[in-house]
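See below for the structure under consideration.
Protein chains: 2
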Amino acid sequence: MYTETFSQMKKQLGQLDKWLGVAAEHAKAKSFDPNVFATLRLAPDQFPLARQVQICCDTVKLAASYLTGKPAEPQADEEKTVEELQARVRSIIKYLDGFSAQDFDGAATRVVSQPRWKGEWMTGADYFMQHSIPNFFFHLTTAYAILRHNGVSIGKRDFLGAQNKRPPAA
Amino acid sequence: MYTETFSQMKKQLGQLDKWLGVAAEHAKAKSFDPNVFATLRLAPDQFPLARQVQICCDTVKLAASYLTGKPAEPQADEEKTVEELQARVRSIIKYLDGFSAQDFDGAATRVVSQPRWKGEWMTGADYFMQHSIPNFFFHLTTAYAILRHNGVSIGKRDFLGAQNKRPPAA
Chain X
1 MYTETFSQMK KQLGQLDKWL GVAAEHAKAK SFDPNVFATL RLAPDQFPLA
51 RQVQICCDTV KLAASYLTGK PAEPQADEEK TVEELQARVR SIIKYLDGFS
101 AQDFDGAATR VVSQPRWKGE WMTGADYFMQ HSIPNFFFHL TTAYAILRHN
151 GVSIGKRDFL GAQNKRPPAA
Chain F
171 MYTETFSQMK KQLGQLDKWL GVAAEHAKAK SFDPNVFATL RLAPDQFPLA
221 RQVQICCDTV KLAASYLTGK PAEPQADEEK TVEELQARVR SIIKYLDGFS
271 AQDFDGAATR VVSQPRWKGE WMTGADYFMQ HSIPNFFFHL TTAYAILRHN
321 GVSIGKRDFL GAQNKRPPAA
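Going down the list, the sequences are from chains X and F. Just so you know, my numbering puts 101 at position 101 of the first sequence, and the rest follows in order with no gaps. Just so you know, my numbering puts 192 at position 22 of the second sequence, and the rest follows in order with no gaps.
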C-alpha cells in the first residue's frame with residue numbers, strides 16, 4: 001500500500017499545484033496581488049496558506065524518507081509567493097519520482113522517530129497510518145479551504161483529480 | 171491495509187465526535203445556540219457543517235459496504251442539531267465495529283459502482299485509494315475547519331487523536 005498511497009499523494013500534490021494556479025488567475029482577474037493568498041488563514045491562531053503548503057509538502061517528503069531510509073534535503077520554508085509555493089510542491093513531486101516500490105520493502109517495521117519526540121518512536125506502519133496520512137490530508141484540505149473561503153473557484157472534482165473509472169461492461 | 175485504514179477512520183470519527191462536543195460547550199459558554207454550528211460554511215456555495223459530517227459518515231459507511239458486499243442502511247440526512255450529528259457519527263463507529271478483517275478478503279478486486287456513474291466502475295483498490303480516503307479526509311477536515319474558523323478551541327492534537335508512540339529504548 002505504500003507505493004499506491006504515495007502515488008495518490010503525488011496526484012493530490014499535482015491538484016494543489018493547479019488550485020494555486022487558479023488562485024493566481026483569480027487574483028489577476030480581480031486585480032489584486034496573488035501573493036496575498038500566501039498570508040491568508042481561517043483563524044488568527046492557525047497557520048496561513050504558505051505554511052499549510054510547506055507542512056503538507058514536508059509531511060510527504062519526511063514520510064518517504066523515514067519509511068525508506070533515503071535522505072531528504074531540508075527546505076528553508078521561505079516561500080512568499082504563489083509561484084514559489086508551486087515550485088515547492090513540484091519539488092516534492094519530483095522527489096517522489098525518485099522512489100521505487102522496492103524502496104518501501106520493510107517500511108512497516110522500520111523504527112521512526114522525530115527529534116521532538118524525545119526518544120519515543122513509532123513503527124513505520126503506525127507512523128504512516130496515524131501520522132503521515134491524516135497530516136497530509138489535513139494540510140492539503142486546509143490549503144484548499146483557505147482558497148475556497150477566499151473566493152477561488154475550485155470544487156470537489158479539483159480536489160480529487162482524475163479517478164480510474166472503467167467503461168461499462170459491454 | 172483495509173482493516174488498518176478503517177480502524178484509523180474509526181478513530182478519526184471519534185475525534186469528530188469530540189470536536190462537536192467542544193463546539194457545544196463553546197456555544198454554551200458564549201450563550202448562543204450550539205445548533206447554529208450545523209448551518210455554518212466556509213463559502214456560500216459550499217456545504218454547511220451538517221452536510222460535511224453526513225458525507226464524511228456516508229463515505230466510510232459506503233466504502234465498508236462496497237468493499238465487503240455487506241449491506242448499509244441508508245440514513246435520512248435530517249440532522250439539524252449538534253447532538254444529532256454526534257449520534258450520526260456514533261452510528262458509523264458502531265457500524266464499523268461489525269466488520270472483521272476477513273470481511274475485506276478480496277476487497278481490492280471487487281467491482282465498485284455508484285448509480286450516478288452510469289455503468290462506469292472502479293476496482294475496490296482504486297475506489298478506496300482514489301475516492302474513499304481523500305473524500306473522507308476532505309469532509310472531516312472541512313468540518314474541523316468550519317469549527318476552527320468559528321472560534322472553537324481545537325487544534326492539531328485534537329485532529330489526530332492518540333498515536334501509538336512507544337517508549338524510548340532503555
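All residues carry an ideal CB built from backbone N, CA and C; glycine is no exception. Predicted, not measured: the structure shown is a model, and the values here were computed from it.
Chain-order list of residues whose beta-carbon lies under 7 Å from that of residue i (same chain, five-residue window excluded)
i: X:M139; result: Inspection of the sequence shows that residue 139 of chain X is occupied by His rather than by Met. The answer, listed in chain order, is Q52, I55, C56, T59.
i: F:S302; result: T229, A233
i: X:N35; result: K80, T81, V82
i: X:D77; result: Q54
i: F:F274; result: Y172, T173, L237, T238
i: F:I263; result: K180, L183, G184
i: X:L85; result: L20, A38, A50, V53, E79
i: X:K253; result: Given a span of 1 to 170 for chain X in the structure shown, any question on residue 253 of chain X remains unanswerable.
Beta-carbon proximity list for residue i, same chain, < 8 Å, skipping 5 on both sides
i: F:A242; result: K231, L232, A234, S235, Y265
i: F:P218; result: A208, T209, L210, R211, I316
i: X:S91; result: C57, Q75
Rounded C-alpha distance that separates residue i from residue j
i: F:P338; j: X:V112; result: 11 Å
i: F:T175; j: X:E25; result: 37 Å
i: F:L186; j: F:K335; result: 22 Å
i: X:F137; j: F:S201; result: 33 Å
i: F:Q333; j: X:Q130; result: 6 Å
i: F:A315; j: X:D158; result: 19 Å
i: X:A29; j: F:N320; result: 29 Å
i: F:D267; j: X:Q75; result: 42 Å
i: X:R116; j: F:F269; result: 37 Å
i: F:K326; j: F:W291; result: 36 Å
i: X:G119; j: X:Q8; result: 31 Å
i: X:Q46; j: F:K240; result: 41 Å
i: X:N135; j: F:P304; result: 12 Å
i: F:F298; j: X:F128; result: 17 Å
Cutoff 6 Å; reference residue i; Cβ partners in own chain excluding five residues on either side
i: X:V22; result: V152, I154
i: X:R88; result: C57, E79
i: F:A197; result: P204
i: X:G185; result: Residue 185 of chain X lies beyond the stretch modelled for chain X, which goes from 1 to 170, so this question has no answer here.
i: F:G331; result: K181, Q185
Bridge partners - residue i, DSSP secondary structure assignment
i: X:W121; result: F:R336
i: X:V111; result: X:T123
Buried versus exposed, by CB contacts within 10 Å (16 or more), residue i
i: F:T312; result: buried
i: F:G276; result: exposed
i: F:R318; result: buried
i: X:D126; result: buried
i: F:A271; result: exposed
i: X:Q114; result: exposed
i: F:P214; result: exposed
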